[in-house]
Each structure stands twice: as C-alpha cells, then as structure tokens.
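The sequence shown maps to residues 18 to 195 in the working numbering.
For every residue, glycine included, the Cβ atom is placed at its ideal position computed from N, Cα and C.
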Amino acid sequence: MVKETHTKGGYLLALLALPFIDNEYLSSYEPVYKFILLFIYMYFSYIGSIIPDIDMRGSCASKTFPKVYKLFGSRFRHRSFTHSLLFLYLLCYLSSLILKYADNNIVFISSFSGLIIGCFSHMILDLFTKEGIELLYPIDINFSLMPIKTNSKTEKLICKVLSFIVIFLLGYRFYILI
Numbered sequence: 018m019v020k021e022t023h024t025k026g027g028y029l030l031a032l033l034a035l036p037f038i039d040n041e042y043l044s045s046y047e048p049v050y051k052f053i054l055l056f057i058y059m060y061f062s063y064i065g066s067i068i069p070d071i072d073m074r075g076s077c078a079s080k081t082f083p084k085v086y087k088l089f090g091s092r093f094r095h096r097s098f099t100h101s102l103l104f105l106y107l108l109c110y111l112s113s114l115i116l117k118y119a120d121n122n123i124v125f126i127s128s129f130s131g132l133i134i135g136c137f138s139h140m141i142l143d144l145f146t147k148e149g150i151e152l153l154y155p156i157d158i159n160f161s162l163m164p165i166k167t168n169s170k171t172e173k174l175i176c177k178v179l180s181f182i183v184i185f186l187l188g189y190r191f192y193i194l195i
C-alpha cells in the first residue's frame with residue numbers, strides 16, 4: 018500500500034479506538050488541554066502509520082528519518098522485521114518502559130497510543146497486499162489475505178473509502194467528545 022492509504026488507515030483505527038482512549042485517559046482533562054492531547058494522539062497515529070516502511074528506500078519514513086533508515090534499511094528486508102508482531106511487541110515494551118520512567122505522563126500516553134495504533138493499522142493494511150508481510154519474523158513466511166497490488170485501482174478505491182470513513186468518524190467522534 019502507498020503512504021496515502023496507510024495514513025488514512027492509521028487515522029481510521031485511531032478514531033475507532035478514540036472512545037477507549039478518551040474513557041481511560043482523557044476524560045478528566047479540560048476541553049482545551051484534551052483537544053491538544055487528541056491532536057498529539059492523531060499526529061502520532063500518522064507517524065505510526067508510516068514508520069513500518071522505514072526499511073524501504075524512498076519511502077516517506079526513510080526520507081523523514083534517514084538515520085533510522087540507515088539502521089533498519091541495511092539490516093532487514095522490506096516487510097519483514099518492521100512489519101512483524103515482534104516489532105509491535107518491542108514498540109509496546111519500549112513505550113511501557115518510557116511511560117514508567119515518565120510517571121505515566123499523559124502526553125507520552127497520547128503519543129505512544131497513537132504510534133502503536135498507527136503501526137498496527139499499517140500491518141493490517143499490508144496483510145491485504147499481494148506481497149504480504151512476515152508477521153512472525155524471524156520465521157520467513159509471508160502472510161497475505163488478499164492479492165491487492167500496491168498502487169492499483171483497487172488500492173486507490175480502498176483509499177477513497179477510507180477517506181470517506183475517516184471524514185465521517187472525525188466529525189462524529191469530535192462531536193461526541195466535546
């Protein structure tokens with residue numbers, strides 16, 4: 018999938034998880050601060066939705082974070098480690114360590130929640146591509162649920178549908194939360 022589809026998927030999953038995030042972490046905050054935290058949460062869902070492609074030359078993530086690309090791009094095949102459950106687990110573990118030492122700071126909670134949700138959405142979307150992903154890395158087995166080609170007409174249609182749902186949910190969620 019291309020960047021646009023992944024970002025729409027990241028926003029969609031973040032908006033679907035928003036009631037849980039709001040009930041667990043944000044409900045006690047003033048509306049202005051809550052809005053800022055929601056903005057941080059949504060921004061990091063965008064970052065998370067592009068991060069797994071850090072292992073691919075020319076991707077938005079590799080251009081945005083070139084030093085991280087040098088670390089991952091030369092060591093891993095595309096759609097292997099950074100698209101695996103192991104990567105997601107390590108990201109969750111690192112997040113929990115940072116949150117523990119940051120005394121569960123709400124800004125970090127919003128950031129890491131969005132980041133993890135965005136990464137998860139990226140993996141889900143890439144499962145629907147013809148190439149698939151190595152979900153159980155280091156085991157060299159590609160998992161693919163559908164034969165959708167990257168940047169095909171089908172993917173562009175999926176991107177448009179995701180855009181429509183995101184716009185609808187964006188209005189609905191923020192109307193409900195305020």
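(message) Measuring alpha carbon to alpha carbon, tell me which residue in Leu107, Gly65 and Tyr50 is nearest Tyr154.
(response) Looking up residue 154 in the sequence shown gives position 137. Of the listed residues, the one whose Cα sits closest to Tyr154 is Leu107.
(request) Could you check what DSSP says for Phe145 in three-state terms: helix, strand or coil? (result) Start at 1 with the first residue of the sequence shown, and residue 145 comes out as number 128. It is coil, neither helix nor strand.
(request) Could you tell me which residues DSSP puts in a beta bridge with Phe160? (result) In the sequence shown, counting from the first residue as 1, residue 160 sits at position 143. Ile150, per the DSSP bridge assignment.
(message) At the level of alpha carbons, what is the spacing between Ser127 and Ile38?
(response) Position 110 of the sequence shown holds residue 127. Position 21 of the sequence shown holds residue 38. Going by the C-alpha atoms only, they are around 8 angstroms apart.
(message) Check this for me: beta carbons of Ile172 and Met73, under 7 angstroms apart or not?
(response) Within the sequence shown, numbered from 1, the residue matching residue 172 stands at position 155. Within the sequence shown, numbered from 1, the residue matching residue 73 stands at position 56. Note that residue 172 corresponds to Glu in the displayed sequence, not to Ile. Not closer than 7 angstroms, so no.
(message) Three or more C-beta pairs under 8 angstroms: does that hold for the stretch 72-89 against the stretch 135-154?
(response) no
(request) Using beta-carbon positions only, say whether Cys136 and Gly90 come within less than 7 angstroms of one another. (result) The sequence position of residue 136 within the sequence shown is 119, counting from 1. The sequence position of residue 90 within the sequence shown is 73, counting from 1. Not closer than 7 angstroms, so no.
(message) By the DSSP assignment, the alpha helix (DSSP H) with Lys166 in it spans what residues?
(response) Counted from its first residue, the sequence shown places residue 166 at position 149. Unbroken run through Lys166: none, as it is neither H nor E.
(request) Could you check the C-alpha separation between Leu35 and Ile184 for me, to the nearest Å? (result) Walking along the sequence shown from the start, residue 35 turns up at place 18. Walking along the sequence shown from the start, residue 184 turns up at place 167. Computed Cα separation, rounded: 14 angstroms.
(message) For Ile123 and Leu54, which I take to be in contact (beta-carbon distance under 8 angstroms), what is that distance rounded to the nearest angstrom?
(response) Numbered from its first residue, the sequence shown carries residue 123 at position 106. Numbered from its first residue, the sequence shown carries residue 54 at position 37. Confirmed, Cβ separation roughly 6 angstroms.
(request) Could you check the C-alpha separation between Cys109 and Leu174 for me, to the nearest Å? (result) On the sequence shown, residue 109 is found 92 positions in, with the first residue counted as 1. On the sequence shown, residue 174 is found 157 positions in, with the first residue counted as 1. Roughly 32 angstroms separates the two Cα atoms.
(message) In chain order, what are the residue ranges of uninterrupted alpha helix (DSSP H) at least 4 long that sit wholly in the stretch 64-131?
(response) 77-81, 83-90 and 102-118
(request) Excluding the 5 residues preceding and the 5 following Lys25 in the sequence, name in chain order all residues of the same chain whose CB lies nearer than 7 angstroms to its CB. (result) Along the sequence shown, read from residue 1 onward, the residue named residue 25 stands at position 8. Hits under 7 angstroms: Cys176, Leu179, Ser180 and Val183.
(request) Put Glu21 into one of helix, strand or coil per three-state DSSP. (result) Sequence index remark: in the sequence shown, residue 21 carries index 4 (1-based). In this structure, Glu21 counts as helix in the three-state DSSP scheme.
(message) DSSP three-state label for Glu172, please.
(response) On the sequence shown, residue 172 is found 155 positions in, with the first residue counted as 1. Three-state result, Glu172: helix.
(request) Can you say whether Pro69 is buried or exposed, counting buried as having 16 or more other CB atoms within 10 angstroms of its CB? (result) Within the sequence shown, the letter at position 52 stands for residue 69. Pro69 should be labelled buried.
(request) Assuming Leu186 contacts Leu43 (C-beta within less than 8 angstroms), just tell me the rounded distance between them. (result) As a working mapping, residue 186 is identified with position 169 in the sequence shown. As a working mapping, residue 43 is identified with position 26 in the sequence shown. Not confirmed; about 17 angstroms, so no contact.
(message) Quick check on this structure: which residue in Tyr189, Lys87 and Ser138 has the alpha carbon closest to the alpha carbon of Tyr28?
(response) Against the sequence shown, residue 28 aligns to sequence position 11. Per the Cα distances, Ser138.
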